[in-house]
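Participant: Below you will find the structure I want to go over with you.
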Amino acid sequence: MLKVLTAVSFSVRTSQKNSCPVPSTPGDEDAQYSGSRFLGGDLPKVCSLLVSLHQYPTLFTALDPFDYEQKYSEAEPYKEMGDGGRIWKTYVEESIKVDANQVADWTNALDVLLVFAGLFSAVVSSFVSQTYQSLLVDHSEVTSYLTYESINLQRAKDANISLSTIPRSELAPNSTSDPSLTAVCVNGLWFTSLTLSLTTALIAVLTKQWIHQYMSFSQTGGPRERTQLRQARADNLEAWNVPVIIGLLPVMMHVALGVFLAGLIIFL
Numbered sequence: 003m004l005k006v007l008t009a010v011s012f013s014v015r016t017s018q019k020n021s022c023p024v025p026s027t028p029g030d031e032d033a034q035y036s037g038s039r040f041l042g043g044d045l046p047k048v049c050s051l052l053v054s055l056h057q058y059p060t061l062f063t064a065l066d067p068f069d070y071e072q073k074y075s076e077a078e079p080y081k082e083m084g085d086g087g088r089i090w091k092t093y094v095e096e097s098i099k100v101d102a103n104q105v106a107d108w109t110n111a112l113d114v115l116l117v118f119a120g121l122f123s124a125v126v127s128s129f130v131s132q133t134y135q136s137l138l139v140d141h142s143e144v145t146s147y148l149t150y151e152s153i154n155l156q157r158a159k160d161a162n163i164s165l166s167t168i169p170r171s172e173l174a175p176n177s178t179s180d181p182s183l184t185a186v187c188v189n190g191l192w193f194t195s196l197t198l199s200l201t202t203a204l205i206a207v208l209t210k211q212w213i214h215q216y217m218s219f220s221q222t223g224g225p226r227e228r229t230q231l232r233q234a235r236a237d238n239l240e241a242w243n244v245p246v247i248i249g250l251l252p253v254m255m256h257v258a259l260g261v262f263l264a265g266l267i268i269f270l
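Below, the structure written as structure tokens:
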């Protein structure tokens, strides 16, 4: 593109003499009118711009955001690895871009996961609060049995019938719970689902704190110190398998949902 513009500008300068003057012949007037209309009606300014681009070709490289040789000045001799070295500034700028994109993806995924985990935990808790009573002794049922037994004893006494013939109540105030197998299975599955959901939410919150601390390196220190701190935290992030943990959190929620649905099928 630079070669084309240079050729055009050279042709313009040699043929139009610096400012693209208005031609005198009728044919040339028609050609200039057509060209001016095509270029927005300002052909002389366009010619001047082409000449400027030919005189200052570095304008093209200045517009390149990845040309760090133009963006950052070269360090003094034997100080290239110092705090003001170009390599550290380049590393910091590139790492900020890469980390910002990665952290944005992680944060969005964790936010969605936290919302889903909160709503799901609330739904499971409402089910568990109702079915948990089936694992305990029903004191209202105990009261009903004892009241029925008391009535039978009173009737037997009025009818001069031996009280020993009246069967004893199956339930007493000190009776222990004897839940059914269905109740045990349903509550076991739903408690497991609730535990997985809450654990997922807890790990997601901790992971967001790790990510926030990881990105804080870009706010303090010089380029070399920020580079070293960023690399150390990136290594620790990989050592603790944080990306793997973030990838496993949706799997935990899927398992929690599947366990809840299994308990719901048994319950129904």
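For the sequence shown, my numbering begins at 3 and goes up steadily by one.
Where is the CB? At the ideal position from N, CA and C, for every residue including glycine.
Note that the structure is a prediction, hence the values are computed from the model and not measured.
1) Which residue comes first and which comes last in the alpha helix (DSSP H) that contains arginine 235?
2) Hey, how far is the Cα of phenylalanine 262 from the Cα of glutamine 135?
3) Excluding sequence positions up to five away, which residues of its chain have a Cβ less than 6 Å from the Cβ of methionine 3?
4) Taking the beta carbon of glycine 120 as the centre, do at least 16 other beta carbons fall within 10 Å, making it buried, or is it exposed?
5) For the 8 Å Cβ check, are there 3 or more pairs between the region 97-105 and the region 181-194?
6) Helix or strand or just coil, what does DSSP make of arginine 157?
7) How many Å lie between asparagine 243 and tryptophan 212 at the Cα?
8) Going by beta-carbon coordinates alone, are leucine 200 and serine 123 separated by less than 7 Å?
9) Arginine 170 by DSSP, collapsed to three states: which one?
10) Starting from proline 245, trace the alpha helix (DSSP H) in both directions and tell me its first and last residue.
11) Serine 142: buried (16+ other C-beta within 10 angstroms of its C-beta) or exposed?
12) CB-CB under 6 Å to glutamate 151, same chain, minus the five flanking residues each way: which ones, in chain order?
13) Once DSSP output is grouped into helix, strand and coil, what is the label at methionine 83?
14) What are the boundary residues of the alpha helix (DSSP H) that tyrosine 216 is part of?
15) By how many angstroms is the C-alpha of threonine 149 removed from the C-alpha of aspartate 160?
16) Take phenylalanine 193 and list the residues in its own chain whose beta-carbon comes closer than 7 Å to its own, dropping the five residues that flank it on each side.
17) When you compare the region 102-117 with the region 234-251, are there three or more beta-carbon pairs, one atom per stretch, that lie closer than 8 Å?
18) With distances taken between CB atoms, is the gap from leucine 155 to isoleucine 168 smaller than 7 Å?
19) Can you list, in chain order, the residues of its chain with a C-beta nearer than 7 Å to that of threonine 197? Leave out the 5 residues immediately preceding and following it.
20) Alpha carbons only, please: which of Ser166, Met217, Leu165 is nearest the one belonging to asparagine 284?
21) Applying the 10 Å Cβ sphere with the 16-neighbour rule, what's the burial state of threonine 145?
22) Report the residue from Val105, Ala206, Ser166, Asp180 whose alpha carbon sits nearest the alpha carbon of isoleucine 247.
23) How many whole angstroms separate the CB atoms of leucine 137 and alanine 185, which I take to be in contact at a CB cut-off of 8 Å?
24) Please identify the residue among Ala236, Lys210, Arg232 whose C-alpha is closest to the C-alpha of alanine 106.
25) Quick one: is valine 94 buried, meaning 16 or more other Cβ sit within 10 Å of its Cβ, or exposed?
26) Out of Gly260, Leu266, Met255, Thr229, which has the shortest C-alpha to C-alpha gap to leucine 115?
27) In this structure, does DSSP put leucine 138 in helix, strand or coil?
Facilitator: For this structure:
1) 225-241
2) 18 Å
3) Residue placement at methionine 3 is flagged as unreliable, the pLDDT there being 42, under the threshold of 50; the coordinate-derived value follows with that caveat. The answer is none, since no qualifying residue turns up.
4) exposed
5) no
6) helix
7) 12 Å
8) yes
9) coil
10) 244-269
11) exposed
12) Ser171
13) coil
14) 183-217
15) 17 Å
16) Val130
17) yes
18) yes
19) none
20) As displayed, the chain neither begins before 3 nor continues past 270, which places residue 284 out of reach and without an answer.
21) exposed
22) Ala206
23) 6 Å
24) Lys210
25) buried
26) Met255
27) coil
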